[in-house]
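Novice: Input: one structure, supplied below.
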Amino acid sequence: MTAFKPLVFSGVQPTGNLHLGNYLGAIKKFVALQDTSDCIYCVVDLHSLTAQLVHEDLKDQTRAITAAFLASGIDPRKHIVFNQSRVMQHAELAWIFNCVARIGWMNRMTQFKDKAGKDRENASLGLLAYPSLMAADILVYRATHVPVGDDQKQHLELTRDIAQKFNNDFSDRIAGLGVGVEMKVGEETVNGFFPLTEPIIGGPAARIMSLRDGSKKMSKSDPSDLSRINLTDDADSISKKIRKAKTDPEALPGELDGLAGRPEAENLVGIYAGLAEISKEAVLKEFGGQQFSVFKPALADLAVEKLAPVAGEMRRISGDRAYVDAVLSDGGERAGLLAEATMKTVRDIIGLLQG
Ligand code: AMP
Ligand code: TRP
1 MTAFKPLVFS GVQPTGNLHL GNYLGAIKKF VALQDTSDCI YCVVDLHSLT AQLVHEDLKD
61 QTRAITAAFL ASGIDPRKHI VFNQSRVMQH AELAWIFNCV ARIGWMNRMT QFKDKAGKDR
121 ENASLGLLAY PSLMAADILV YRATHVPVGD DQKQHLELTR DIAQKFNNDF SDRIAGLGVG
181 VEMKVGEETV NGFFPLTEPI IGGPAARIMS LRDGSKKMSK SDPSDLSRIN LTDDADSISK
241 KIRKAKTDPE ALPGELDGLA GRPEAENLVG IYAGLAEISK EAVLKEFGGQ QFSVFKPALA
301 DLAVEKLAPV AGEMRRISGD RAYVDAVLSD GGERAGLLAE ATMKTVRDII GLLQG
């Protein structure tokens, strides 16, 4: 049985500053996966139009995310780094997926419900179709693994649903053209063109919460800058934000169970674990019984130690705009060749007249 070639794909939107949640939940995983897999990392500029159509500085935001990728240690020669809009096949496949996916599927997405708010009729069609473009980003490379934070889980389930419906709707054509790959779906073995992509979520930092409110995730859109640590923050702001982070009056517990009902404490322990690359249990082993007056300074020191070099590299790389642009242009060309190879077959499967 042939199998899909393992390939990692992920994307980050060029909106606002990257924060510690993006770094620990996503980018650190991107870096680690480079050693074991071929990886494609994309700055998804077309997705960002769903949040804000008219940008003053979309180009610079795109460069800033690219600089963050490179500063964190992503190697653009061994792997591919580019911005989405350079490879038009993403939008082409998204259109086809718009015709595969059902409106009901999109309406159920919690991110759509959150972002559309009460006035859903007035949300853009792009916001509704956002997951379809995301599925296209991944499947135009037939990527098998996608590292993301916990908030993207539902979108990845939808990506699998779209792949499965496409494989199913076109099963005869796929078999007829001999372009399928055998794979197991439940008990059945099917011949599909698109893989059922696996998310890579998990670890202590899959969901980093706001420093001001342990029930909200750390987010670019939170009005309070004290709620998040930005990748561009200097040592003083990092320390200040951790000192001011909301906590409770209890000491840290020695065991994981003791964090139940203490979301702010659990979040800080998760951040420590993510930065130190150890488990939450190991953090509690070291700090169990200690007050936050001891734990917070230790966390601040660790955060500064880990983040300051990334921030420094980001500044240095951002200063070399020609280099950043060359990385994106080269990555776009390489990604474009792969995406076009997939699309040629997709057009054949569907029966579009080409060539
Ligand atoms: P975005 O900035 O929304 O494009 O997110 C980029 C990546 O960061 C995605 O994989 C998200 O799942 C991840 N991410 C965003 N916020 C958080 C958070 N608070 N904790 C963990 N991961 C996050
Ligand atoms: N929706 C993702 C987010 O907000 C960004 C994204 C777009 C993405 N396309 C993707 C992530 C493909 C992984 C794979 O974080």
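So for the sequence shown, full-length UniProt numbering puts the first residue at 1; every next one is plus one.
Built from N, CA and C at the ideal position, the CB exists for glycine as well.
Taking the continuous beta strand (DSSP E) assigned at Asp-301, which residues delimit it?
Specialist: No beta strand (DSSP E) contains Asp-301, which is instead part of the alpha helix (DSSP H) from 292-318.
Novice: Out of Ala-265, Val-269, Ala-163, which one is the CA nearest neighbour of Val-185?
Specialist: With distances taken between Cα atoms, Val-185 lies closest to Ala-163.
Novice: How would you label Asp-45, buried or exposed, when you count the other beta carbons within 10 angstroms and need 16 or more for buried?
Specialist: Buried is the call here.
Novice: Of the choices Ile-138, Asp-225, Glu-255, Ala-308, whose alpha-carbon is the least far from that of Gln-290?
Specialist: Ranking Ile-138, Asp-225, Glu-255, Ala-308 by Cα distance to Gln-290 puts Glu-255 first.
Novice: Relative to the C-alpha of Ala-143, which candidate in Leu-196, Phe-112, Met-218 has its C-alpha closest?
Specialist: Leu-196
Novice: Do Val-294 and Lys-280 have their CB atoms nearer than 7 Å?
Specialist: With contacts defined by Cβ atoms closer than 7 Å, Val-294 and Lys-280 do not form a contacting pair.
Novice: Three-state secondary structure (DSSP) at Thr-189?
Specialist: When secondary structure is reduced to three states using DSSP, Thr-189 falls in the strand class.
Novice: What whole-angstrom Cβ distance do Gly-332 and Pro-76 have, given they're in contact under 8 Å?
Specialist: Not a contact, Cβ separation roughly 11 Å.
Novice: Would you be able to state if there are at least three C-beta pairs under 8 Å between the region 150-160 and the region 309-328?
Specialist: no
Novice: Please determine, among Phe-82, Thr-345, Ala-116, the residue with the shortest C-alpha to C-alpha distance to Leu-328.
Specialist: Phe-82
Novice: Under DSSP, the alpha helix (DSSP H) around His-155 begins and ends at which residues?
Specialist: Annotation: the continuous alpha helix (DSSP H) that includes His-155 extends over 153-169.
Novice: How about Gly-14 and Thr-50: are their beta carbons less than 7 Å apart?
Specialist: Note that residue 14 corresponds to Pro in the displayed sequence, not to Gly. Taking 7 Å as the Cβ cut-off, Pro-14 and Thr-50 do not qualify as a contacting pair.
Novice: Scan the region 89-135 and note each continuous alpha helix (DSSP H) run of 4 residues or more that stays entirely inside, going in chain order.
Specialist: 89-100, 103-107, 110-116
Novice: Going by Cα to Cα distance, which pick from Arg-334, Ala-273, Cys-99 is closest to Glu-202?
Specialist: Rather than Glu, the amino acid found at residue 202 in this sequence is Gly. It is Ala-273.
Novice: My output table needs one value for Val-44: the three-state DSSP class, helix, strand or coil.
Specialist: coil
Novice: Below 8 Å on the Cβ atoms is my contact criterion, and I expect His-155 with Met-109 to pass it. Report the Cβ-Cβ distance as a whole number of Å.
Specialist: 7 Å
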